[in-house]
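> Using our numbering, read the sequence shown as starting at 1036 and increasing by one per residue.
For each residue, glycine too, the CB sits at the ideal point set by N, CA and C.
All figures in this text were calculated on a predicted structure; none of them were measured in a lab.
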Amino acid sequence: MTLSLEPPGVPEPFRAALVGLRAAVIDPGRPGLELQEVPGPKRLAPYSVAVSAEICRDDEQIASGRFVVLHDPQGQDGWRGDTRVVAFVSADVEAEMAADPALAQVGWSWLLDSLAEHGAQHTAEGGTVTRTVSCRFGQIEDGDEASEVEVRASWTPLADEDGTLDLGTHLRAWCDLLCATAGLPPPGVTALRP
1036 MTLSLEPPGV PEPFRAALVG LRAAVIDPGR PGLELQEVPG PKRLAPYSVA VSAEICRDDE
1096 QIASGRFVVL HDPQGQDGWR GDTRVVAFVS ADVEAEMAAD PALAQVGWSW LLDSLAEHGA
1156 QHTAEGGTVT RTVSCRFGQI EDGDEASEVE VRASWTPLAD EDGTLDLGTH LRAWCDLLCA
1216 TAGLPPPGVT ALRP
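Right, dumping it as structure tokens:
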């Protein structure tokens, strides 16, 4: 998939790092997970790329997210490098799960575990996990409460020992986080119930 979203003059190390990212967009390795490259934000860094994602079940979206890669050859305060990943995941969860005070810790551990399992070396990670319960009223009232979990995170990806930066490993780790928040089983495991 060749995309025209890349601005002219992209530094070669960043362009090379995008190869793995785009390969992961084409084949995320998870059924039901749809990825699409979209324009990155223009004001946060000189170069950026973004990937949107959604997971649907029975034609209804149950999880979505955005994975943004920022690149500034000069680096920025707090990044500890010249490239930064900023990611967001939102998924519907059962009310009992949203009420569990341990959900925030578990949600954060899903991210760190996914990065470790994929060998996605990183530093300067930070983020939040938010549990929400929404009640609808008036014309959009449907009598049900909706519960969601949101994970917002950022980290600085580190190059491999050979000096190359493979953003594909970071995207795949984030995809695993998205699938975990949506309640999908890990690869190779079959769910007993939908």
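Would you identify the three-state DSSP class for T1118, choosing helix, strand or coil?
Looking at T1118 - three-state DSSP - the assignment turns out to be strand.
> Just how far apart, CA to CA, sit M1036 and M1132?
Its pLDDT being 33, under 50, M1036 is placed unreliably in this model, and the coordinates cannot settle the point.
> Shortest alpha-carbon distance to D1179 belongs to which of A1130, T1204, L1150?
For the residues A1130, T1204, L1150, the minimum Cα distance to D1179 belongs to A1130.
> In the DSSP assignment, find the alpha helix (DSSP H) that holds H1205 and state where it starts and stops.
H1205 -> alpha helix (DSSP H) spans 1202 to 1216.
> For the beta strand (DSSP E) containing E1131, list its first residue and its last residue.
No beta strand (DSSP E) contains E1131, which is instead part of the alpha helix (DSSP H) from 1130 to 1134.
> How many angstroms separate the CA atom of Q1156 from the CA atom of F1172?
Each residue's Cα considered, the two are about 45 Å apart.
> Need the endpoints of the beta strand (DSSP E) that F1102 sits in, please.
Where F1102 is concerned, the enclosing beta strand (DSSP E) stretches over 1095 to 1106.
> Let me confirm a value: D1112 is counted as buried when at least 16 other C-beta atoms fall within 10 Å, else exposed. Which label applies?
By the neighbour-count rule (16 or more Cβ atoms within 10 Å), D1112 is not buried but exposed.
> Would you mind giving the Cβ-Cβ distance between V1120 and P1076, rounded to the nearest angstrom? I have them listed as a contact below 8 Å.
V1120 to P1076, Cβ: 13 Å. No contact.
> Using C-beta distances below 8 Å, list every residue in its chain close to W1145, excluding the 5 sequence neighbours before and after it, in chain order.
Cβ neighbours of W1145 beyond the five flanking positions: V1186, D1211, L1212, A1215, T1216.
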